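The next block holds one structure in the form of structure tokens; read it before the comments.
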Amino acid sequence: EDVNKNAFKLPNGDSMIEMTVRMYRDAGFKDFVALVRHGAESIMDLLGDGAKLGVNMRYSRDPEPPGGKGGAVRNAIENGSIPKNKYFVIHNPDDVVLDYPGCFPKDIIAGHLAGEKCGALATVVVAEETPFAFTGMKITDNFVEQIEMYPMIPVPTHIGVTVFSPAAAEHFKDNFKSGTKADFEKVLFPIFSASKKLYAVGVPYDSWLAVNNAKAYKQLLEKLNI
Numbered sequence: 002e003d004v005n006k007n008a009f010k011l012p013n014g015d016s017m018i019e020m021t022v023r024m025y026r027d028a029g030f031k032d033f034v035a036l037v038r039h040g041a042e043s044i045m046d047l048l049g050d051g052a053k054l055g056v057n058m059r060y061s062r063d064p065e066p067p068g069g070k071g072g073a074v075r076n077a078i079e080n081g082s083i084p085k086n087k088y089f090v091i092h093n094p095d096d097v098v099l100d101y102p103g104c105f106p107k108d109i110i111a112g113h114l115a116g117e118k119c120g121a122l123a124t125v126v127v128a129e130e131t132p133f134a135f136t137g138m139k140i141t142d143n144f145v146e147q148i149e150m151y152p153m154i155p156v157p158t159h160i161g162v163t164v165f166s167p168a169a170a171e172h173f174k175d176n177f178k179s180g181t182k183a184d185f186e187k188v189l190f191p192i193f194s195a196s197k198k199l200y201a202v203g204v205p206y207d208s209w210l211a212v213n214n215a216k217a218y219k220q221l222l223e224k225l226n227i
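In this text, residue positions in the sequence shown follow this note's numbering: the first is 2, and each later residue adds one.
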């Protein structure tokens, strides 16, 4: 049976999707929608109706052929899982938020509302700086003057969390077609950015861990002390 990695049980019995739901629940969120496809049953069996976590959980299954993240959101809006008149947050559970200095959900919502006052329809949550993947050097006249392993560079990076205003729902309908696979980051972000409708809220890099390989999984266990 296929198990979605977000439902995969960690050694302490927890899972990344449960961790994510609890973080938002503790900030006052009650209504959740899981956009599922691969390993859908593993997610649905784990979360059920959300009662064990004290939330309301619904599901929107991505139809065949898969529509990517953009198509999945469009499908959820069309089938009513995501109400057209509601704000919504898209959070990939494998983008784990840990050791955040504050209340992450409340801070990103406050940031989005500030951006909305200036015309924004969506807010990307970004790490304010990210590490260069190699050894950085300062070179003058072919002589290496300074060496730094994995130096931090001031390039904001999207951490897989986006807040949308209700008016953004129509943009999913207009820009994502059935049977076409596309991610909303690739399609909508340039459109919103060009019209100054894409806001950004920065968080410390150390508060974000993208669990997309064995090394990152090991880091997650270390951060959780398990």
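The beta-carbon is built from N, C-alpha and C at its ideal position, and this holds for glycine as well.
Computed from a prediction, not measured in an experiment: that's the story for all the values here.
Assign MET58 to buried or exposed, taking buried as 16 or more other Cβ atoms, counted over all protein chains shown, within 10 Å of its Cβ.
When all chains shown are included, MET58 counts as buried.
Please name the residue in ILE154, TYR200, GLY103, ASN80 whose C-alpha comes closest to that of SER208.
That would be GLY103, whose Cα lies nearest to the Cα of SER208.
Hey, ALA28 and LYS107: beta-carbon distance below 8 Å or not?
Result yes, Cβ atoms of ALA28 and LYS107 sit closer than 8 Å.
Going by DSSP, what residues sit across from ASP32 in a beta bridge?
Within the DSSP secondary-structure output, ASP32 pairs in a beta bridge with ASN57.
Per DSSP, the bridge partner or partners of GLN147
For GLN147, which the question treats as bridged, DSSP gives the partners LYS139.
List the endpoints of the continuous alpha helix (DSSP H) containing LEU48.
Taken as a continuous stretch (DSSP letters only), the alpha helix (DSSP H) holding LEU48 covers 41 to 48.
Near PRO132, what residues of its chain come up, given a Cβ to Cβ distance below 8 Å and the 5 sequence neighbours on each side ignored?
When the five nearest sequence neighbours on each side are left out, the beta carbons in the same chain lying within less than 8 Å of the beta carbon of PRO132 are those of TYR151, PRO152, MET153, ILE154, TYR206, in order along the chain.
Closest by CA to PRO84, which one among ALA217, VAL74, ARG38?
Ranking ALA217, VAL74, ARG38 by Cα distance to PRO84 puts VAL74 first.
Inside the segment 171 to 224 only - alpha helix (DSSP H) runs reaching at least 4 residues
The DSSP assignment places 185 to 195, 215 to 224 as complete runs of the alpha helix (DSSP H) inside the segment 171 to 224, in order along the chain (cut-off: 4 residues).
Between ARG38, SER43, LYS53, which has its C-alpha nearest LYS31's C-alpha?
Selection ARG38, SER43, LYS53 evaluated against LYS31 yields LYS53 as nearest (Cα-Cα).
Which residues share a DSSP beta bridge with ALA128?
THR158, VAL204, per the DSSP bridge assignment.
From this set, ALA123, ILE44, PRO94, PHE89, which residue's C-alpha is nearest SER194's C-alpha?
Of the listed residues, the one whose Cα sits closest to SER194 is ALA123.
Relative to the C-alpha of ARG38, which candidate in LYS10, GLY68, ASN13 has its C-alpha closest?
Minimum Cα-Cα distance from ARG38 among the listed residues LYS10, GLY68, ASN13 corresponds to GLY68.
Starting from ASP1, trace the alpha helix (DSSP H) both ways and give me its first and last residue.
This structure cannot speak to residue 1, because the chain is shown only from 2 to 227.
Let's see if you can read the secondary structure: which residues bound the beta strand (DSSP E) around ILE1?
Nothing can be reported for residue 1, as the shown portion of the chain is limited to 2 through 227.
The alpha helix (DSSP H) spanning ILE78 covers which residue range?
Segment 69 to 79, the alpha helix (DSSP H) holding ILE78.
Compare the Cα-Cα distances from ILE148 to each of GLU79, PHE135, VAL156, TYR25 and report the closest residue.
The option with the nearest alpha carbon to ILE148 is PHE135.
Please say whether PHE185 and ILE78 have beta carbons closer to each other than 8 Å?
The Cβ-Cβ distance between ILE78 and PHE185 does not fall below 8 Å.
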